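**Student:**
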Amino acid sequence: MECVTVRVALTITVLAAAAIHLLLKGWFQWNANAGRPCQRPRPAGLHRTGGPYAHGAVATDALECSTIGSDILEKGGSAVDAAIASLLCIGLTNPDSSGIGGGLFMTIYNKESGTAEIINARAMAPAAATENMYQKNHKLSRLGGLSVAVPGEIRAFWTAHQRHGKLPWRDLFQPAIQLAEEGVCVGKYLAKIMKKKTVDIKRGSGLCDVFCDGNNNVLGENHIMKRAKLAETLRAVADGGADVFYQGEIARNLTKDVRDAGGIITEQDFRDYQVEVTSPLNISLAGGLTVLSPPPPASGAVLSLILNILDVAIAHNSISCYAVSCPCRYYDPSFVLPEAGGTSHVSVLGPNGDAVSVTSTINTSFGSKLRSNSTGVILNNLMDDFSSPNIINFFGVPPSPANFIRPGKRPLSSMTPTVVVDGNGDVRLVTGASGGTKITTATAYVLMQHLWFGLDIGPAVQTPRLHHQLLPYRLQTEKSRPFQPKAVLEGLRQKKHVTNVTSSACVNSVARKGDVISAASDSRKGGFPVGF
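If you want my numbering, it's the position in the sequence shown, counting the first as 1, plus 18.
#1: DSSP three-state label for A194, please.
#2: When the Cα atoms are used, what is the spatial distance from M466 to G95?
#3: Within the continuous beta strand (DSSP E) that includes S527, where are the two ends?
#4: Could you pull out every residue in the same chain whose Cβ sits closer than 8 Å to the Cβ of I535, ignoring the five residues on either side in sequence?
#5: Using DSSP's beta-bridge definition, name the partner residues of H485.
#6: Give me the Cα-Cα distance between P419 and E239, rounded to the nearest whole angstrom.
#7: What span of residues does the beta strand (DSSP E) with T284 cover, start to end?
#8: Please name the residue or residues paired with Y71 in a DSSP beta bridge.
#9: For Y291, which residues of its own chain have a beta-carbon under 7 Å away from its beta-carbon, when the five flanking residues on both sides are left out?
#10: Taking the continuous beta strand (DSSP E) assigned at T393, which residues delimit it?
#11: Beta carbon of I211, beta carbon of S378: below 8 Å?
#12: Quick check on the burial criterion: 16 or more other C-beta atoms within 10 angstroms. Buried or exposed for Q494?
#13: Note down the Cα distance separating V228 from A209, rounded to an integer number of angstroms.
#14: Which residues does DSSP list as the beta-bridge partners of G549?
#15: What residue range does the alpha helix (DSSP H) around L91 cover?
#16: Using 8 Å as the Cβ pair cut-off and three pairs as the minimum, do the stretch 305 to 314 and the stretch 433 to 448 touch?
#17: At what residue ranges does the stretch 226 to 284 contain a whole run of the beta strand (DSSP E), taking only runs of 3 or more?
#18: Taking the CB atoms as reference points, tell me whether M282 and T273 lie closer together than 8 Å.
#19: Going straight from the alpha carbon of L327 to that of W470, what length do you get?
#20: What are the boundary residues of the beta strand (DSSP E) that F123 is part of?
#21: Mind checking G532: buried by the 16 CB within 10 Å criterion, or exposed?
#22: For the alpha helix (DSSP H) containing E135, list its first residue and its last residue.
#23: Please go through the same chain and pick out, in chain order, the residues whose beta-carbon is closer than 6 Å to the beta-carbon of I242, but skip the five residues on each side of it.
#24: Tell me which residue opens and which closes the beta strand (DSSP E) that G443 is part of.
#25: Taking the CB atoms as reference points, tell me whether R160 and D403 lie closer together than 8 Å.
#26: What is the DSSP secondary structure of E171, reduced to helix, strand or coil?
#27: Between S88 and the rest of its own chain, which residues show a CB-CB distance below 8 Å, the 5 nearest in sequence each way excluded?
#28: Quick check on DSSP: helix, strand or coil for H156?
#29: Nearest-angstrom Cα distance between S539 and L303?
#30: So which of I409, G443 and L225 has the shortest CA-CA distance to G385?
#31: Is it buried or exposed, Q512, if we count other Cβ atoms within 10 angstroms and call 16 or more buried?
#32: Tell me which same chain residues have a C-beta within less than 8 Å of the C-beta of S392, skipping the five on either side of it?
#33: Does the distance from the C-beta atom of D79 to that of K543 stay below 8 Å?
#34: Could you tell me which residues DSSP pairs with E294 in its beta bridges?
#35: Could you give the DSSP three-state label for L473: helix, strand or coil?
#36: By DSSP's criteria, G360 is part of a beta bridge. Which residues make up the other side?
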């Protein structure tokens with residue numbers, strides 16, 4: 019009897035131990051995948067302005083990504099290498115803003131030759147796209163498979179690396195692959211965006227698989243977020259190059275996932291996608307400075323117009339100058355496009371004097387709200403950057419026929435990655451922004467504050483800004499940073515300027531004066547620069 023009792027007791031004990039083991043194993047496996055507490059890396063002193071540096075610097079929306087870019091430079095990589103590695107990282111730390119499911123504009127400056135070029139990798143409308151495809155339901159231009167344009171980011175990386183890369187292609191992907199597998203710590207900005215987009219994340223579009231914990235709750239700040247499926251995709255592209263993404267199994271899987279979600283993209287659309295390499299717009303400013311920025315469909319022309327007018331009329335009120343410099347015939351609805359929320363900017367200055375300014379976007383936060391389950395890629399909703407007849411866009415601006423949808427067309431954009439060089443061909447400033455129509459005015463504002471008014475790059479980036487785009491006719495101030503002095507705003511109100519409070523653009527910059535390099539990542543997104 020005692021023997022039976024002992025056997026029963028032992029059996030119960032073993033079963034209990036096994037159950038506990040399985041429970042603990044399951045808990046640890048889930049905890050390793052999502053939701054585990056973590057602490058975001060922060061530099062000593064918490065300075066958003068980095069420097070002085072002697073060799074090079076990188077400014078992004080995340081410390082991890084600035085560090086990766088700076089490490090690439092220290093290993094002998096080019097400015098292009100650093101920009102690619104940094105943006106691959108941003109796709110993980112800021113998946114709401116950027117990723118390989120989107121597109122970009124890249125301004126590249128070569129110090130040795132004194133030349134510059136633009137890589138236009140704007141997402142492209144599918145061959146089956148039509149002008150009136152959103153007439154029955156305009157929300158489909160922002161949500162789901164029908165909002166997805168053919169992404170250009172990987173093709174841009176490949177083209178830039180073939181022309182200007184130094185380190186092996188595969189090496190640029192390794193830091194991002196490691197982050198995707200081991201996980202990144204959710205930052206304050208991303209946590210805020212995820213909380214705001216909880217309904218979209220839980221909608222069943224694949225986002226909750228990576229942005230929710232084991233209880234289906236959206237991850238909060240300082241919790242681990244892993245992207246195992248995306249790591250597989252990145253590894254395949256690292257091993258096989260861009261054609262793996264545009265012509266192989268990845269393209270087939272992306273096409274199927276988009277079409278299953280109601281999209282019209284085909285494998286042929288992926289095969290047909292090519293970037294455009296063009297010359298930059300360049301304008302001369304007082305003091306022997308030259309501003310290099312991308313032509314249409316980007317907004318370098320608008321930035322150039324603003325700067326030319328301000329260069330002459332700098333003593334006048336800046337808002338009045340902006341109003342003159344943005345007349346409707348230039349700043350028409352073609353250039354007023356909904357990119358706020360899903361964009362990120364990276365600025366790089368290399369030890370040899372080369373520079374890269376690149377702005378990447380998936381359009382609005384989390385793009386189409388569609389994550390490809392087979393590849394882990396979050397897809398853009400850049401079809402909403404086109405105009406459609408009789409449909410008011412994201413910013414309340416009427417449609418522009420010049421920006422109507424056409425097969426294979428790329429929508430116009432507010433993005434304007436910029437490089438400023440002096441008369442000796444030395445880079446003075448690498449800058450650009452994310453933030454929709456505010457991109458152009460914010461870039462001009464920072465450039466003006468730093469190069470003309472003499473502010474160090476840190477204060478120039480962090481200072482409160484004003485924004486006016488004529489349509490709609492209102493002056494916009496920042497919600498989190500009241501503009502000073504208040505007397506300026508009061509004076510503008512007395513002149514019948516209608517004001518409202520809103521968010522601002524996020525500017526990341528690297529500046530050089532003589533042999534001293536400094537950098538600034540905008541605290542509006544919580545970034546930090548890194549250099550050496």
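Even glycine gets a Cβ: it sits at the ideal position worked out from N, Cα and C.
In this text the structure is predicted, and so the values were computed from the model without any measurement.
**Tutor:** Based on what the coordinates show:
#1: helix
#2: 31 Å
#3: C524 to K531
#4: G69, P70, Y71, A72, H73, G74, A75, L367, V528, A529 and G549
#5: Q494
#6: 43 Å
#7: First-last for T284: undefined, no H or E at that position.
#8: I535
#9: M142, V168, G170, R173 and Y264
#10: No beta strand (DSSP E) contains T393, which DSSP labels as neither H nor E.
#11: no
#12: buried
#13: 13 Å
#14: A75
#15: L81 to E92
#16: yes
#17: 241 to 243
#18: Reading off the sequence shown, one finds Ile at residue 282, where the question assumed Met. Contact flag unset, no.
#19: The question names Leu, yet the displayed sequence has Ile at residue 327. Roughly 13 Å separates the two Cα atoms.
#20: G121 to N128
#21: exposed
#22: From DSSP, E135 is part of no alpha helix (DSSP H) but of the beta strand (DSSP E) over T133 to A139.
#23: R54, C56 and G201
#24: Note, G443: premise wrong, no beta strand (DSSP E); not H, not E.
#25: no
#26: helix
#27: G74, A75, V76, A100, V548, G549 and F550
#28: helix
#29: 25 Å
#30: L225
#31: exposed
#32: K247, N271, L272, K274 and D275
#33: yes
#34: N138
#35: coil
#36: N381
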